[in-house]
Amino acid sequence: MKLVLTDSLFEAADDLHLLGLLHRALRKRCYLAVRSPNSIDYHRWRDGLPRERRDAWDRLLDWTLLDSTVHPLCTVEVIEGDVSDWAAKPPKLTATDAMDLIDQPFQILLENARYDRAFLLAMAGPAYRPLLERLETEGRLAFWGVGGLSELRLVVEQRVALRPGRRLSHWALFDSDAAAPGHVSDEARRAAASCRAVSIPFHRLERRAIENYVPMGALYDWADADRRWRDARRPLVQSFAQLDEAQRRHFHFKSGFSANPTQEEAALFATVPGAARQALRGGMSSADIGRLFHNDIRGRIRAQVDKDGAGVELAPSLARLMELLRVPHG
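Sequential numbering of the sequence shown, starting at 0, is according to numbering that gives the first Met the number 0.
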């Protein structure tokens, strides 16, 4: 996040606020920039700093300028006064509110903190994953598992909606539970509407759930990983491989084929071969499949995801998330 310091701050010359912002930038919690670097008030304040502190200030501004040419950064203007305008574009925050925003951990809302976190990290890949892991380790990013779609919607409506900085401090990821392409479940649709209503950025999966993003190669690895279960798992994966791409994207891993499918779901799975339908009637172990992302330490699944093109869907949402999260590094 980039804090742009406006002229009013330097006119007031409140060292408590300006040095507080400098301190946070030195701790690599935000970027700093100056709206009018040639203004008399700014130069009067800057020139009055002790040499060591002035040099540190200049280095931070240079760092912001350099990184801004490489990475899109979420921008917030910092103003003198007692009232912030959170709805402005860009938001205009008092120095106190800006420091409070920087000090609080960013919250990523998930249905399941363990599996969905692992899925997000796998999909983030080497471009974004190190930053996410570093911020989490430093306590500046928290994965908030709320327990399901209904709970996520209620958390957004009853808790997150009360926070004025929510669109700068929260992001949500959740399943679509879509039984067929374009047919999102009612609860997933309501969750998205709740996020939109309070301007929380989010990504609702296009496929049914995170299990539907596991590449075929990883499923075969899962089937063959344990000799005790190989004879049971191999036929399941081989049957799953007989489904077409749309069917694999919307298959219900937990329970298999619905006993009372919607018209769209029935049409989607009408062409599944009889033997494959029989083998997959009870689904596949969704807990085991979801755990594959958790165990993807070396990025094997991510490499297969790239090959299959599954990562393209989340790319714009992840880029937006990085605009909110990116801070100086090194």
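Virtual Cβ for every residue (Gly too), placed ideally from N, Cα, C.
- Message: Closer than 8 angstroms is the cut-off here; do at least three beta carbon pairs connect the region 98-113 with the region 128-144?
- Response: yes
- Item | Integer-rounded CB distance, given that Leu100 should sit under 8 angstroms from Gly164 | 5 angstroms
- Message: Measuring straight from C-alpha to C-alpha, what distance separates Ala160 and Val197?
- Response: 6 angstroms
- Query: Going along the chain, which residues of its own chain have a beta-carbon closer than 6 angstroms to the beta-carbon of Val213, five neighbours each way excluded?
  - Reply: Ile288, Leu291
- Message: Within the continuous beta strand (DSSP E) that includes Gln277, where are the two ends?
- Response: Element bounds for Gln277: not the beta strand (DSSP E) but the alpha helix (DSSP H), 273-278.
- Other residues of its chain near Tyr127: CB distance less than 7 angstroms, five sequence neighbours each side excluded: Leu317, Met321
- How far does the beta strand (DSSP E) with Gly144 in it reach, from first residue to last? 140-144
- Thinking C-alpha only, which one of Asn37, Phe268, Leu167 is nearest Leu244? Rather than Leu, the amino acid found at residue 244 in this sequence is Glu. Selected option, being the one with the closest Cα: Phe268.
- Task: Using only alpha-carbon positions, find the residue among Thr63, Asp13, Glu51, Ala24 that is nearest to Tyr41.
- Result: Asp13
- Which of helix, strand or coil DSSP assigns to Ile288: helix
- Query: Is the region 250-262 close to the region 75-94, with three or more CB pairs under 8 angstroms?
  - Reply: no
- Query: Which first and last residues belong to the alpha helix (DSSP H) in which Phe250 is found?
  - Reply: Segment: none, Phe250 is in no alpha helix (DSSP H) and carries neither H nor E.
- Under the three-state reduction of DSSP, which class applies to His22: helix, strand or coil? helix
- Query: At what residue ranges does the region 84-117 contain a whole run of the alpha helix (DSSP H), taking only runs of 4 or more?
  - Reply: 94-102
- Let me know the secondary structure DSSP gives Ala269 once reduced to three states. coil
- Message: Please classify Leu242 as buried or exposed, where buried requires at least 16 neighbouring CB atoms within 10 angstroms.
- Response: buried
- Task: Determine which residues share a DSSP beta bridge with Arg203 and list them.
- Result: Phe173
- Item | DSSP beta-bridge partners of Thr74 | Lys1
- With DSSP as the reference, label Leu323 as helix, strand or coil. helix
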